[in-house]
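Chemist:
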Amino acid sequence: MPLARTPSIQLRDRLTSLLPQRTLWELARESGFIERTRKVEAPAFLWALVFGFAFGAERTISALRRAYETASKKKIVPSAFYDRFDAGLVKFLQAVVGLLLDRLAEPARALAGDLAAFKEVLATDSTVIRLHDFLAKAFPGTRTNHTKAALKLHVLMTVNGNGPKSVKVTAERKNDGHVLHVGKWTKDRLLLFDLGYYRYQLFDCIRRNGGYFLTRLKINANPTIVAVHRAWRGASVNLVGERLQDVIERLKREELDVEIEVQFKRRSYSGKQSSARQRFRLVGLRNEETGDYHLYVTNLPVERFNAKEVSAIYRARWTVELLFKSLKSDFGLEQMPSANKHVVQALVYAAIVTWVASRELLLGVKALLGDKGRRVTEGRWTRLMRTWSTLLLVVVTSPPRHGRELARTIEFTLLLECPDPHLKRQSLIEEVEQGIPVSHRARRSGSQGAAKSTTANR
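Numbering (our numbering), first residue to last: 44 to 501.
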């Protein structure tokens with residue numbers, strides 16, 4: 044297949060349209076990263092971070108400096124380059140991330156199947172990144188016996204979108220629930236989150252704003268059962284009026300679908316705090332092997348979603364976990380080569396930009412591959428990006444006419460090597476939309492699929 048006939052991904056145009064050079068200069072000046080001189084070129088510096096750190100074989104500041112020299116075609120002394128990692132650079136990268144999040148606000152495609160009932164389905168979570176002990180004052184860790192310094196990356200993302208909707212960086216000690224602020228924007232949206240956000244006050248706030256939530260039940264929660272949504276034949280255990288922990292070990296039914304009542308404290312106003320009672324739905328699916336229940340608390344309506352569908356929907360929360368896994372293992376966040384807080388913050392935001400840029404190129408590849416695009420896995424794509432990262436840096440920072448042949452060679456290889464010849468499995472979101480339960484997926488996919496599904500449902 045001759046290169047001249049290869050369909051074009053428009054590799055360089057996609058990247059420069061995502062982050063135009065003029066826009067990068069403007070953001071650099073507004074943030075204070077670049078002032079009057081142009082000894083450091085903002086676009087070249089950004090692309091060096093994107094393709095130099097996350098994809099580079101050597102993840103050091105020295106390697107980043109060499110990447111910048113490749114991009115800018117200018118020599119810079121090590122001390123001058125290191126000095127550029129300051130508060131201005133952090134503000135610049137925060138502004139770039141904010142710009143990208145605004146552009147990625149719309150979902151990549153409309154929701155289907157069980158998820159079509161919602162305007163949007165959002166997953167939120169946080170991940171911990173360990174840092175050098177010298178950063179304990181700026182980013183105090185929670186487990187100081189072995190990790191004195193650590194930060195948390197908080198992400199809110201659409202499960203069928205192109206990337207995050209919100210990104211926040213805090214110290215590890217910051218409680219997850221205090222970072223998520225709900226309001227009118229939650230109306231007709233479904234929020235999926237883990238136990239780090241478990242607060243009845245939060246659940247009630249989402250409900251009052253016309254939104255929906257779904258999370259696991261805390262292991263020590265002991266709400267009162269006030270109604271049963273599904274009747275069972277025979278001499279089943281009477282649940283109404285009972286505390287959950289008093290009856291859960293005696294239950295043998297495959298599904299548990301009841302209404303519970305909980306008591307909690309509302310937010311303080313004018314120094315006064317009142318108590319409140321609220322009812323939510325409790326759903327449980329019994330594990331045939333262990334006999335234990337996977338328990339979920341939600342306000343999803345009983346008439347629209349049965350217990351198995353609720354369990355299947357919760358699996359969509361795994362999308363944010365996959366993002367964290369990719370950022371850490373594929374985009375360099377597991378390795379922080381500095382005890383300088385500005386360097387650490389800059390590399391965290393740069394990793395987000397790298398992830399988005401990588402996804403933008405992947406969208407172009409999938410569009411040209413058509414049906415074969417479903418066979419492009421995250422791991423396979425990242426390995427290809429790492430192989431071509433140095434040349435991608437040259438393409439995006441060179442004049443179009445100089446990098447045209449190089450871009451065509453890269454595009455040809457990407458289209459040829461991207462599809463996994465052995466992959467036939469549906470994506471996670473496609474399975475959730477179809478309401479495929481975990482057990483069905485495990486039987487169909489074999490032991491490897493079962494292991495992943497079990498992890499996703501914990």
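Built from N, CA and C at the ideal position, the CB exists for glycine as well.
Computed from a predicted structure; not experimentally measured.
1. Tell me whether Pro-207 sits in a helix, a strand or coil according to DSSP, three-state version.
2. Looking at the secondary structure, which residues open and close the alpha helix (DSSP H) in which Ser-432 lies?
3. So Leu-70 packs on Phe-128, CB below 8 Å; how close in whole Å?
4. Alpha carbon to alpha carbon, how far is Thr-425 from Gly-413? Give it in angstroms, no decimals.
5. Relative to the C-alpha of Arg-273, which candidate in Gln-288, Arg-418, Glu-297 has its C-alpha closest?
6. Which residue spans inside the segment 94 to 146 form an unbroken alpha helix (DSSP H) run of at least 4?
7. Which partner residues of Pro-183 appear in the DSSP bridge assignment?
8. My understanding is that Tyr-339 touches Arg-250, with C-beta atoms under 8 Å, so please give their C-beta distance in whole angstroms.
9. Please classify Thr-333: is it buried, with 16 or more other beta-carbons within 10 angstroms of its beta-carbon, or exposed?
10. Closest to Thr-103 by C-alpha separation, out of Ser-381, Val-171, Ala-123, would be which residue?
11. Taking 8 Å as the cut-off, decide whether the C-beta atoms of Gly-253 and Lys-230 are in contact.
12. Please work out which residues of its chain come closer than 8 Å, Cβ to Cβ, to Glu-285, disregarding the five sequence neighbours upstream and downstream, and give them in chain order.
13. Take Tyr-255 as the anchor and find which of Ala-193, Leu-366, Ala-166 has the nearest alpha-carbon.
14. Helix, strand or coil, according to DSSP, for Arg-417 in the structure here?
15. Do you know how far the Cα of Leu-196 is from the Cα of Thr-213?
16. Roughly how many angstroms separate the alpha carbons of Gly-407 and Arg-186, rounded to a whole number?
17. Could you give the DSSP three-state label for Asp-289: helix, strand or coil?
18. Identify every run of the beta strand (DSSP E) within the segment 261 to 341, keeping only runs that are complete inside it and at least 3 residues long; order them along the chain.
19. Can you check DSSP and say which residues form a bridge with Tyr-255?
20. Leaving out the 5 sequence neighbours to the left and right, which residues in its chain are closer than 6 Å to Gly-327 when beta-carbon positions are compared?
21. According to DSSP, which residues form a beta bridge with Arg-173?
22. Just checking, does the segment 52 to 62 make contact with the segment 391 to 411 on the three C-beta pairs under 8 Å criterion?
23. For Glu-23, which of helix, strand or coil comes out of DSSP?
24. Return the chain-ordered list of same chain residues with a C-beta closer than 6 Å to the C-beta of Leu-54, the five sequence neighbours on each side being excluded.
Modeler: To lay it out plainly:
1. On the sequence shown, position 164 is the one that residue 207 refers to. Strand.
2. Locating residue 432 in the sequence shown gives position 389, counting from the first residue. Where Ser-432 is concerned, the enclosing alpha helix (DSSP H) starts and stops at 421 to 440.
3. Numbered from 1 along the sequence shown, position 27 holds the residue referred to as residue 70. Numbered from 1 along the sequence shown, position 85 holds the residue referred to as residue 128. With a Cβ gap of about 17 Å, Leu-70 and Phe-128 do not count as contacting.
4. What you label residue 413 is simply residue 370 of the sequence shown in a count that begins at 1. What you label residue 425 is simply residue 382 of the sequence shown in a count that begins at 1. Each residue's Cα considered, the two are about 20 Å apart.
5. On the sequence shown, residue 273 is found 230 positions in, with the first residue counted as 1. It is Glu-297 whose Cα lies nearest to the Cα of Arg-273.
6. 104 to 115, 121 to 126, 130 to 146
7. Taking the sequence shown and counting its residues from 1, the one referred to as residue 183 is at position 140. Note: Pro-183 sits in a beta bridge opposite Ala-192.
8. As a working note, residue 339 is residue 296 in the sequence shown. As a working note, residue 250 is residue 207 in the sequence shown. Tyr-339 to Arg-250, Cβ: 15 Å. No contact.
9. Here the question's residue 333 lines up with position 290 in the sequence shown. Exposed is the call here.
10. Position 60 of the sequence shown, counted from the first residue, corresponds to residue 103. When only C-alpha atoms are compared, the closest one is Ser-381.
11. Counted from its first residue, the sequence shown places residue 253 at position 210. Counted from its first residue, the sequence shown places residue 230 at position 187. Their beta carbons are under 8 Å apart, which means Gly-253 touches Lys-230 by this criterion.
12. Residue numbering aside, residue 285 sits at position 242 when the sequence shown is read from its first letter. Excluding sequence neighbours, Glu-285 sits near Thr-267, Ile-268.
13. Taking the sequence shown and counting its residues from 1, one reaches residue 255 at position 212. When only C-alpha atoms are compared, the closest one is Ala-166.
14. Within the sequence shown, numbered from 1, the residue matching residue 417 stands at position 374. In the structure shown, Arg-417 sits in a helix (DSSP, three-state: H, G or I).
15. As a position in the sequence shown, residue 213 is number 170, starting the count at 1. As a position in the sequence shown, residue 196 is number 153, starting the count at 1. Roughly 7 Å separates the two Cα atoms.
16. As a first step, residue 407 is located in the sequence shown; it is residue number 364 there, counting from the start. As a first step, residue 186 is located in the sequence shown; it is residue number 143 there, counting from the start. If you take the alpha carbons of Gly-407 and Arg-186, they lie about 43 Å apart.
17. Position 246 of the sequence shown, counted from the start, is the residue given in the question as residue 289. It is helical.
18. 267 to 271, 298 to 308, 318 to 329, 336 to 341
19. Within the sequence shown, the letter at position 212 stands for residue 255. Note: Tyr-255 sits in a beta bridge opposite Leu-233.
20. Along the sequence shown, one-based indexing puts residue 327 at 284. Same-chain partners within the cutoff: Leu-299, Tyr-336, Leu-338.
21. Stepping through the sequence shown from its first residue, residue 173 is reached at position 130. Per DSSP, Ala-193.
22. Two segments are said to touch when three or more pairs of C-beta atoms, one from each, lie closer than 8 Å; by this definition the segment 52 to 62 touches the segment 391 to 411.
23. Here the chain comprises residues numbered 44 to 501, so residue 23 is not present and cannot be evaluated.
24. The sequence position of residue 54 within the sequence shown is 11, counting from 1. Contacts found: Ala-450, Glu-454.
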